[in-house]
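Have a look at the structure below, then the notes.
Number of protein chains: 2
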Amino acid sequence: MFDHREKHLFTALVDELSRAGKIALCGHVMPDGDCLGAMLALGLALRQMGKRVVFYSPDPVPEMYGFLPGVHEVQVEINEQLPLELFISVDCSVPDRLGHFKELLDRAGRVVVIDHHAGSVAFGNVYLNCPAFAAAGEIVYELLTMLPVVIDKDIATCLYVAMATDTGSFRYDNTSYRTHLRAAELLKLGFPVARINKLLYEEKPLISLQVLGAALQTLGISKCGRVAWMSMQRATLHSLNATDEHVDGIINYPRMIRGVELALFFRELEDEKYKVSLRSKYYLDVNKLAACFGGGGHPRAAGCVVNGKLEDIKSRFLEAALKELKDE
Amino acid sequence: MFDHREKHLFTALVDELSRAGKIALCGHVMPDGDCLGAMLALGLALRQMGKRVVFYSPDPVPEMYGFLPGVHEVQVEINEQLPLELFISVDCSVPDRLGHFKELLDRAGRVVVIDHHAGSVAFGNVYLNCPAFAAAGEIVYELLTMLPVVIDKDIATCLYVAMATDTGSFRYDNTSYRTHLRAAELLKLGFPVARINKLLYEEKPLISLQVLGAALQTLGISKCGRVAWMSMQRATLHSLNATDEHVDGIINYPRMIRGVELALFFRELEDEKYKVSLRSKYYLDVNKLAACFGGGGHPRAAGCVVNGKLEDIKSRFLEAALKELKDE
Numbered sequence: 147m148f149d150h151r152e153k154h155l156f157t158a159l160v161d162e163l164s165r166a167g168k169i170a171l172c173g174h175v176m177p178d179g180d181c182l183g184a185m186l187a188l189g190l191a192l193r194q195m196g197k198r199v200v201f202y203s204p205d206p207v208p209e210m211y212g213f214l215p216g217v218h219e220v221q222v223e224i225n226e227q228l229p230l231e232l233f234i235s236v237d238c239s240v241p242d243r244l245g246h247f248k249e250l251l252d253r254a255g256r257v258v259v260i261d262h263h264a265g266s267v268a269f270g271n272v273y274l275n276c277p278a279f280a281a282a283g284e285i286v287y288e289l290l291t292m293l294p295v296v297i298d299k300d301i302a303t304c305l306y307v308a309m310a311t312d313t314g315s316f317r318y319d320n321t322s323y324r325t326h327l328r329a330a331e332l333l334k335l336g337f338p339v340a341r342i343n344k345l346l347y348e349e350k351p352l353i354s355l356q357v358l359g360a361a362l363q364t365l366g367i368s369k370c371g372r373v374a375w376m377s378m379q380r381a382t383l384h385s386l387n388a389t390d391e392h393v394d395g396i397i398n399y400p401r402m403i404r405g406v407e408l409a410l411f412f413r414e415l416e417d418e419k420y421k422v423s424l425r426s427k428y429y430l431d432v433n434k435l436a437a438c439f440g441g442g443g444h445p446r447a448a449g450c451v452v453n454g455k456l457e458d459i460k461s462r463f464l465e466a467a468l469k470e471l472k473d474e
Numbered sequence: 147m148f149d150h151r152e153k154h155l156f157t158a159l160v161d162e163l164s165r166a167g168k169i170a171l172c173g174h175v176m177p178d179g180d181c182l183g184a185m186l187a188l189g190l191a192l193r194q195m196g197k198r199v200v201f202y203s204p205d206p207v208p209e210m211y212g213f214l215p216g217v218h219e220v221q222v223e224i225n226e227q228l229p230l231e232l233f234i235s236v237d238c239s240v241p242d243r244l245g246h247f248k249e250l251l252d253r254a255g256r257v258v259v260i261d262h263h264a265g266s267v268a269f270g271n272v273y274l275n276c277p278a279f280a281a282a283g284e285i286v287y288e289l290l291t292m293l294p295v296v297i298d299k300d301i302a303t304c305l306y307v308a309m310a311t312d313t314g315s316f317r318y319d320n321t322s323y324r325t326h327l328r329a330a331e332l333l334k335l336g337f338p339v340a341r342i343n344k345l346l347y348e349e350k351p352l353i354s355l356q357v358l359g360a361a362l363q364t365l366g367i368s369k370c371g372r373v374a375w376m377s378m379q380r381a382t383l384h385s386l387n388a389t390d391e392h393v394d395g396i397i398n399y400p401r402m403i404r405g406v407e408l409a410l411f412f413r414e415l416e417d418e419k420y421k422v423s424l425r426s427k428y429y430l431d432v433n434k435l436a437a438c439f440g441g442g443g444h445p446r447a448a449g450c451v452v453n454g455k456l457e458d459i460k461s462r463f464l465e466a467a468l469k470e471l472k473d474e
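In order, the protein sequence lines correspond to chains A and B.
To convert, count from 1 in the first sequence and add 146; that's this note's numbering.
To convert, count from 1 in the second sequence and add 146; that's this note's numbering.
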């Protein structure tokens, strides 16, 4: 199940956790379901072992995760009272992504990392980074099976949320048969799976739907049907009292259209200045496309900031995109 | 895993399948992913056993399922050439829901039913109805483990689609730990899980998004925030060249709003005649609410047809709903 290196690291981590009495767990900036779920599950388990545990997050917890057991204990400021024996960086293997908690790396007696994001530079006393796992919550699940703890309903809920959110409800290509096996073990513990999924996906701010409605009014599609786009002006967002949070995920809608390979979302930042988000469905390298405009990202998700009038920017992207799509 | 009754029925079914040479499989009207996936998986497996198999569907296969292995063989008309030894009703235990294929129940030598919908009257020689299974595809999976067949990538794809669609990507409360165990076994066979989920959920007709955009323009919410609604006029649908297919699922959007328990969707059928769809999130019995207006359905999903002006109908539903919500 694990390779030799991973097995050794899991053992070393168990050792670190067993020895420390006062432990801080911290996730990355802009916390998501995996980061929070994995952190809380591990912390709740460590408490079963008699440890003193604090939960840190460099950014506030999004309202949608307010139902997670233990989440109300998550602190965004450093708790000076606790002389730290162990600092655990969860779902984060880049020190800068710990925000202001980065300074604890020097102040804690020991530092360990539990993560699954590839391509980082190791730091800390134990650096457990397993990119084959879909979620940090999966790594924590395996870790808990090696510790003298009971996975109760609260811990199962946290781990399930970690796995379900980071795999897009088991849809993304990071989903392995092991993810389903772990989910099966968690479901056996009997937490209310349908209710938790409703709390995750059916409790959206009203404003998000209003922003979606406004964005869909701008929906356009190329003659060939392979590129679709939407845009959002500052005035519209202002009139809806909308913030960044409410625009999140809107780029998925033009990508959902049959035949579309590339989706673009143009969001006005200032007069004649737009943030452009790019998403592709099956094959187009949008990282490469965004690089033509001074941006970057990943093969299926990238972004850049471009100056100019909306119609001109749109034309430039469409021209560049159609050239790329033609080459395929 | 199975109770005594089910075990006996599985054995009887294996016996029927082993004896028959010419077999027709048929799903229900308005076929969905479970009905098609389960039917195709079983048929492909029966061919491994040397059986002659035809696939029937009373309604055409929706375009979104066009990627399913074997789906292009599905016929909407009766193939007179084949004297039927065995007719298998898949995901359907109400003869009328077989549409015009219902007549084959009398013409086939033997009839068996494989379904998971509760509350029907038994018919046929073997009536295997297991409501504890989330999907007919799950029942077929168990059946295949009892037959001399190999679950290959094509069969795995069909079974996965059956389970994933009928559980809302493993989100609904019919999802059991066994569903995840079965999904894990299927994923081991190595079909492209992310690609299949994109084909299912990211290949929507452009018109569907345009209809959603138009519907969101009508989004309303009660003062208390517990009831939200949208509406759709015939003229709007007409101007977008939209059909029933493009309106499907739109009722989910008002229900997604934080704090909303009841979602309503008013769709104009004729002048002053509306189809009203009702959905609740956690607890409200919309079957009961719809019954007050001459309709019905299930506790979380119901509908009715009401005459009157849109604003009047809206007021009547809101009044009735707020009374129910107050009682909770």
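Note that the Cβ used here is the ideal one computed from N, Cα and C, for glycine as well.
A quick note: this is a predicted structure, and the numbers were derived from the prediction, not measured.
Touching by the beta-carbon criterion (3+ pairs, under 8 angstroms), the region 384-392 of chain A and the region 335-347 of chain B: In the pairwise beta carbon analysis, the region 384-392 of chain A is classified as not touching the region 335-347 of chain B: fewer than three pairs are separated by under 8 angstroms.
Whether G459/A touches Y420/A by CB criterion (8 angstroms): A small correction: the amino acid at residue 459/A is Ile; Gly does not occupy that position in the sequence shown. Yes.
Through-space distance from D161/A to G196/A, alpha-carbon basis: If I take the Cα positions, the gap works out to 15 angstroms.
Rounded straight-line distance, which links the Cα of S235/B to that of L244/B: Approximately 8 angstroms between the Cα atoms of the pair.
Nearest-angstrom Cα separation, counted from V339/A out to Y318/B: Roughly 7 angstroms between the two C-alpha positions.
Sheet register partners of M402/B (DSSP bridge): M402/B has no beta-bridge partner at all, per DSSP.
Span of the alpha helix (DSSP H), counted from its first residue to its last, around A436/B: Segment V432 to A437, the alpha helix (DSSP H) holding A436/B.
Cα-Cα separation between V432/A and Q356/A, rounded to whole angstroms: The alpha-carbon separation between V432/A and Q356/A amounts to approximately 28 angstroms.
Cβ-based neighbour list, G216/A, same chain, cut-off 8 angstroms, excluding 5 preceding and 5 following: Taking G216/A as the centre and dropping the five residues before and after it, the same chain places the C-beta of L186, G189, L190, F201, D300 and C304 closer than 8 angstroms to its C-beta, in chain order.
Length of the line joining the Cα atoms of Q379/B and A448/B: Their backbone Cα atoms lie some 20 angstroms apart in a straight line.
Nearest neighbour of L345/A, chosen from F213/A, D205/A and L171/A [CA to CA]: Cα-wise, what sits closest to L345/A is F213/A.
Residue environment, H150/A, which counts as buried when at least 16 other CB atoms sit within 10 Å: With fewer than 16 other Cβ atoms within 10 Å, it is exposed.
Where the region 191-213 of chain A meets chain B: residues whose CB sits under 9 angstroms from a CB there: From the region 191-213 of chain A, only E209 and M210 have a Cβ closer than 9 angstroms to chain B.
Where the alpha helix (DSSP H) containing I285/A begins and where it ends: Element bounds for I285/A: A282 to L290.
Residue-chain proximity (N343/A, chain B), Cβ-Cβ < 8 angstroms: N343/A counts as touching chain B.
Expected contact under 8 angstroms - CB spacing of S155/B and L232/B to nearest Å: Checking the sequence, you will find Leu at residue 155/B rather than Ser. Contact flag wrong, Cβ pair sits at about 15 angstroms.
Classification of H246/A by the beta-carbon crowding that lies within 10 angstroms, buried from 16 upward: With a threshold of 16 other beta carbon atoms within 10 Å, H246/A falls short and is exposed.
Short-range partners of chain A found in the region 346-361 of chain B, where Cβ spacing is below 9 angstroms: Answer in chain order: L346, Y347, E348, E349, K350, P351, L352, S354, L355, Q356, L358, G359, A360 and A361.
For C450/A and H444/A, the rounded distance between their alpha carbons: Cα to Cα, the separation comes out at about 12 angstroms.
Secondary structure of V257/A, DSSP reduced to three states: V257/A: strand per DSSP, three-state reduction.
Beta-ladder partner(s) of Q379/A, from DSSP: Per DSSP, Q379/A has no beta bridge partner at all.
Where R462/B falls: helix, strand or coil (DSSP): Note: R462/B maps to helix in three-state DSSP.
Nearest neighbour of L480/A, chosen from L163/A, P204/A, M376/A and A437/A [CA to CA]: The structure shown does not extend to residue 480/A, since chain A is modelled only from 147 to 474, so the question has no answer here.
Contact belief for Y306/B with A329/B at Cβ below 8 angstroms, rounded distance in angstroms: Right, their Cβ atoms sit about 7 angstroms apart.
Residue-level contact to chain A via CB, T311/B, 8 angstroms cutoff: T311/B is outside the set of residues whose beta carbon lies under 8 angstroms from a beta carbon in chain A.
CB contact check: M402/A to chain B, cutoff 8 angstroms: Output row for M402/A: interface = yes.
Residue environment, P294/A, which counts as buried when at least 16 other CB atoms sit within 10 Å: Exposed.
Distance, K427/B Cα to T382/B Cα: Looking at the two C-alpha atoms, the distance is approximately 28 angstroms.
Pairwise C-alpha distance: K455/B and V207/B: Taken atom to atom, the span from the alpha-carbon of V207/B to that of K455/B is near 36 angstroms.
Partners in chain A for R413/B, counting only beta-carbon separations shorter than 8 angstroms: Result: empty, since nearest Cβ-Cβ is about 17 angstroms, beyond 8 angstroms.
Own chain, CB closer than 6 angstroms to P277/B, minus 5 neighbours either side, in chain order: Only H262 and A264 meet the Cβ criterion.
Contacts around A436/A, its chain only, beta-carbon distance under 7 angstroms, and the 5 residues preceding and following it disregarded: Sequence-distant Cβ neighbours of A436/A in its own chain, meaning closer than 7 angstroms and more than five residues away, are L424, G442, G443, A448, G449 and C450.
For L410/B: DSSP bridge partner residues: DSSP output for L410/B lists W375/B and L424/B as bridge partner(s).
Alpha helix (DSSP H) runs contained entirely in the region 321-381 of chain B, provided each spans 4 or more residues: Whole alpha helix (DSSP H) segments, 4+ residues: 323-333, 339-347 and 352-362.
Buried versus exposed call for M376/A [16 or more other C-beta atoms within 10 Å across all chains shown]: Counting the other Cβ atoms within 10 Å of the Cβ of M376/A gives 16 or more, which makes it buried.
8 angstroms Cβ cutoff, H326/B in contact with chain A: Taking 8 angstroms as the threshold, the shortest C-beta distance from H326/B to chain A falls below it.
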